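For the sequence shown, the residue numbers in my numbering are 7 to 285.
Positions of the beta carbon are idealized from the N, C-alpha and C atoms, including for glycine.
This one's a predicted model, so the numbers in the text were calculated from it and none came from an experiment.
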Amino acid sequence: MYCRSIRDVKLLYRLSDAHRSIRLITGFKYTSKVSHYSTLPHSPFLMTIARSHSQSGNTSQIPKKPKFVRKVEEKDDYREVYDFFYGFLSAACLVLGLTFCFVPLYKLYCSSTGLGFDSKFVSREDDLDDATPSIDSRGEEVARKPKKNQKKRIVKVHFQGQAGSGMPIAFIPLQQSIDVLIGEPCLAFYAAYNKTDQVLHGISSYNINPHESMSYLNKIQCFCFEEQRFKPHELVEMPVFFYFQKEMLDDPLLANVQEMILSYTFFNLQRNSEIVRSF
């Protein structure tokens with residue numbers, strides 16, 4: 007019994023040396039949950055030592071990761087935080103930039119189309135330059151001369167025509183648009199065709215957009231607000247001879263307008279007279 011115990015102790019020391027060598031080579035602690043004494047010969051002495059070793063808590067230890075692995079994981083975490091922060095900052099800068107660019111972009115769109123123009127978006131510096139008189143060498147105030155680019159200006163006028171309800175005619179402009187030099191007269195034509203076998207009497211009205219230019223439009227010859235008589239299946243051409251006053255160049259509300267729309271509408275005069283008599 008004594009000899010067998012001595013042999014078991016020697017075998018135990020050999021296993022301890024092997025365990026220590028594995029630990030030095032790999033850098034990990036050998037913590038397998040399976041008892042490494044299960045292959046030993048059945049001995050009361052060895053079974054007692056193995057049981058005490060398993061109860062000591064060494065088998066519950068978790069292997070630690072190497073330092074370089076932990077550093078890489080920490081760098082990945084920091085990189086995710088940095089990416090989120092930079093993405094949020096870029097989005098905020100983009101929204102702020104679009105906010106500052108909204109006014110000039112809106113003004114550029116309105117100046118090119120002539121639609122939706124608002125006087126609040128007129129440059130205040132231009133108003134101050136026009137309102138502030140210049141001072142000559144003698145110290146006297148002199149009226150500021152108009153700018154060179156405002157002496158001559160061309161606007162494109164688009165023409166539209168339509169017949170009102172109860173007016174059975176075809177009414178169209180003979181040209182879609184004309185370039186008009188402000189201050190110079192311009193001639194345009196409209197055509198009307200009676201589609202019925204009866205004589206029609208009509209009257210027309212006009213409208214111009216933008217409405218601020220209405221006060222500067224002068225018509226030398228026009229068919230609006232005059233009674234027109236159309237024979238059955240008659241085609242009539244009607245001229246419009248007009249011009250814009252040069253004072254339009256000094257109006258800040260129309261400084262950036264490059265296109266206008268001149269529209270005419272024909273109404274049935276006979277039907278309107280019957281409606282008036284009924285009242």
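Margin query: Please report the straight-line C-alpha distance between Val-101 and Cys-107, rounded to a whole angstrom.
Written below: The sequence position of residue 101 within the sequence shown is 95, counting from 1. The sequence position of residue 107 within the sequence shown is 101, counting from 1. Rounded to the nearest angstrom, the two C-alpha atoms are 10 Å apart.
Next item on the list: Could you say if the region 200-207 and the region 165-172 meet the contact criterion of at least three C-beta pairs nearer than 8 Å?
Entry: no
Check: Which whole-angstrom value describes the C-beta separation of Ala-194 and Leu-241, a residue pair presumed to lie in contact below a C-beta threshold of 8 Å?
Finding: Within the sequence shown, numbered from 1, the residue matching residue 194 stands at position 188. Within the sequence shown, numbered from 1, the residue matching residue 241 stands at position 235. Not confirmed; about 17 Å, so no contact.
Check: Beta-carbon separation of Val-246 and Leu-268 under 9 Å?
Finding: Locating residue 246 in the sequence shown gives position 240, counting from the first residue. Locating residue 268 in the sequence shown gives position 262, counting from the first residue. Contact: yes.
Check: In this structure, does DSSP put Lys-237 in helix, strand or coil?
Finding: Position 231 of the sequence shown, counted from the first residue, corresponds to residue 237. Coil at Lys-237, not helix or strand.
Item checked: Limits of the unbroken beta strand (DSSP E) element including Glu-265 -> Counted from its first residue, the sequence shown places residue 265 at position 259. Note, Glu-265: beta strand (DSSP E), 265-274.
Item checked: C-beta contact flag for Ile-188 and Leu-255 at 9 Å -> Residue numbering aside, residue 188 sits at position 182 when the sequence shown is read from its first letter. Residue numbering aside, residue 255 sits at position 249 when the sequence shown is read from its first letter. Their beta carbons are under 9 Å apart, which means Ile-188 touches Leu-255 by this criterion.
Next item on the list: Compute the Euclidean distance between the alpha carbons of His-239 and Ile-175, then round it to the nearest angstrom.
Entry: Within the sequence shown, numbered from 1, the residue matching residue 239 stands at position 233. Within the sequence shown, numbered from 1, the residue matching residue 175 stands at position 169. Rounded to whole angstroms, His-239 to Ile-175 spans 9 Å at the Cα level.
Next item on the list: Could you have a look at Val-101 and say whether DSSP puts it in helix, strand or coil?
Entry: As a working note, residue 101 is residue 95 in the sequence shown. Val-101: helix per DSSP, three-state reduction.
Margin query: If you measure between the beta carbons of Lys-162 and Gln-251, is that distance less than 9 Å?
Written below: Taking the sequence shown and counting its residues from 1, the one referred to as residue 162 is at position 156. Taking the sequence shown and counting its residues from 1, the one referred to as residue 251 is at position 245. For Lys-162 and Gln-251, no; Cβs fall outside 9 Å.
Notebook entry, point to check: What does a CB cutoff of less than 7 Å around Leu-223 pick up in its chain, not counting 5 residues either side in sequence?
Noted result: As a first step, residue 223 is located in the sequence shown; it is residue number 217 there, counting from the start. Here the set comprises Ile-214, Phe-248 and Phe-250.
Margin query: Which residue wins for smallest C-alpha separation from Ser-183, given the options Phe-231, Met-266 and Asp-257?
Written below: Position 177 of the sequence shown holds residue 183. Cα-wise, what sits closest to Ser-183 is Met-266.
Next item on the list: Work out the CA separation of Ala-261 and Asn-155 for me, nearest whole Å.
Entry: The residue labelled residue 155 in the question sits at position 149 within the sequence shown. The residue labelled residue 261 in the question sits at position 255 within the sequence shown. Summary for Asn-155: the model assigns pLDDT 47, below 50, so the residue's position carries little reliability; its value from the coordinates is reported in the next sentence. Whole-angstrom Cα-Cα distance: 11 Å.
Next item on the list: Pull up the DSSP beta-bridge partners for Tyr-92, would you.
Entry: Here residue 92 is taken as the residue at index 86 of the sequence shown, counted from 1. Per DSSP, none; premise fails for Tyr-92.
Item checked: Leu-206 beta carbon less than 9 Å from that of Arg-235 -> Stepping through the sequence shown from its first residue, residue 235 is reached at position 229. Stepping through the sequence shown from its first residue, residue 206 is reached at position 200. Contact: yes.
Note to self: If I measure Cβ to Cβ from Val-186 and keep anything under 6 Å in the same chain, skipping five residues before and after, which residues do I get?
What the structure shows: Along the sequence shown, read from residue 1 onward, the residue named residue 186 stands at position 180. Excluding sequence neighbours, Val-186 sits near Val-161, Val-163 and Cys-192.
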